[in-house]
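A.B. asks: Here it is, the structure, as structure tokens.
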Amino acid sequence: MESTKRYCPYCGASLGTKVEEGRQRLYCNDEERFVYENPIPASTGLLLDEQGRILLVLRNREPGLNKWALPGGFVENGESPVDAARRELEEEAGVKVSEPSLIDIIYQESEFYKTSLLIIGYHFTRFEGEIRAGDDAEEVQFFDRRRLPDLAFDSHRTLIDTYFEKTE
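My numbering numbers the first residue of the sequence shown as 21 and each following residue consecutively.
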């Protein structure tokens, strides 16, 4: 992805570039420091009901407007990735979850955000609360894994497939 940063986040001066460790990186001459561009972390949670169906939310905003996805979102400052997944499940689906296990971490380029993302997927064994749509979810529903609707994000399909490959 091409950089969208033009100004130093520390002093506001125009950024240039400089080679460091064999890579062309953004550099602020005024501050005499590199300005690193790193992937943005996002977390998502895979939750199964008693019949082994997968919980999905119908998104009511971009990216993925009007498409189904695992509940998830960006990791906030001061929050661990697993806590972000817990928060998103509560915000989007109304449930409190516990007993997490890491499924995988997926790197992807995002045209929508014009940057790279790290999608951190967790499976949660237990949940409590009444399933209800909230936050940026229009609807929430459990789906049989063999009859999933089209998903908004390829990374979510990959996480689902990876989970079942590991557990079967």
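We put the beta carbon where it would ideally sit given N, CA and C, even for glycine.
This one's a predicted model, so the numbers in the text were calculated from it and none came from an experiment.
How is the alpha helix (DSSP H) around Pro-101 delimited, first residue to last?
C.D. replies: To locate residue 101, count along the sequence shown from 1; it is residue 81. Here the alpha helix (DSSP H) through Pro-101 covers 101 to 113.
A.B. asks: Are the CB atoms of Ala-89 and Ala-153 within a distance shorter than 7 Å?
C.D. replies: In the sequence shown, residue 153 corresponds to position 133, counting from 1. In the sequence shown, residue 89 corresponds to position 69, counting from 1. Going by C-beta atoms, Ala-153 is not nearer than 7 Å to Ala-89.
A.B. asks: With a threshold of 6 Å on Cβ separation, who are the neighbours of Pro-91 within its own chain once the five nearest residues in sequence on each side are excluded?
C.D. replies: Translated into the one-based positions of the sequence shown, residue 91 becomes position 71. Gly-65, Val-77, Glu-108, Leu-109, Glu-112, Ala-113, listed in sequence order.
A.B. asks: Identify whether Thr-64 lies in helix, strand or coil by the three-state DSSP scheme.
C.D. replies: As a working mapping, residue 64 is identified with position 44 in the sequence shown. DSSP places Thr-64 in strand when its eight states are reduced to three.
A.B. asks: Tell me whether the segment 30 to 50 and the segment 116 to 134 touch, counting them as touching only if at least three CB pairs, one residue from each stretch, are closer than 8 Å.
C.D. replies: The segment 30 to 50, when compared against the segment 116 to 134, does not touch it at the 8 Å Cβ threshold.
A.B. asks: Applying the criterion that 16 or more other CB atoms from any shown protein chain within 10 Å of the CB defines a buried residue, is Phe-147 buried or exposed?
C.D. replies: Start at 1 with the first residue of the sequence shown, and residue 147 comes out as number 127. Its Cβ being crowded by 16 or more others within 10 Å, Phe-147 is buried.
A.B. asks: For Glu-99, which option in Ser-63, Tyr-127, Asp-124, Gly-72 has the closest C-alpha, if you only look at C-alpha atoms?
C.D. replies: Working through the sequence shown from its first residue, we reach residue 99 at position 79. Glu-99 has its Cα closest to that of Ser-63, out of Ser-63, Tyr-127, Asp-124, Gly-72.
A.B. asks: For Lys-25, which residues from the same chain have a beta carbon less than 8 Å from its beta carbon, with the 5 sequence-adjacent residues on both sides left out?
C.D. replies: Against the sequence shown, residue 25 aligns to sequence position 5. Cβ within range, chain order: Leu-35, Leu-46, Val-55, Glu-57.
A.B. asks: Alpha carbon to alpha carbon, how far is Pro-59 from Gly-141? Give it in angstroms, no decimals.
C.D. replies: Numbered from its first residue, the sequence shown carries residue 141 at position 121. Numbered from its first residue, the sequence shown carries residue 59 at position 39. Rounded to whole angstroms, Gly-141 to Pro-59 spans 15 Å at the Cα level.
A.B. asks: Sort Cys-28, Asp-174, Pro-120 by Cα distance to Pro-83 and report the nearest one.
C.D. replies: The count along the sequence shown starts at 1 and reaches residue 83 at position 63. The option with the nearest alpha carbon to Pro-83 is Asp-174.
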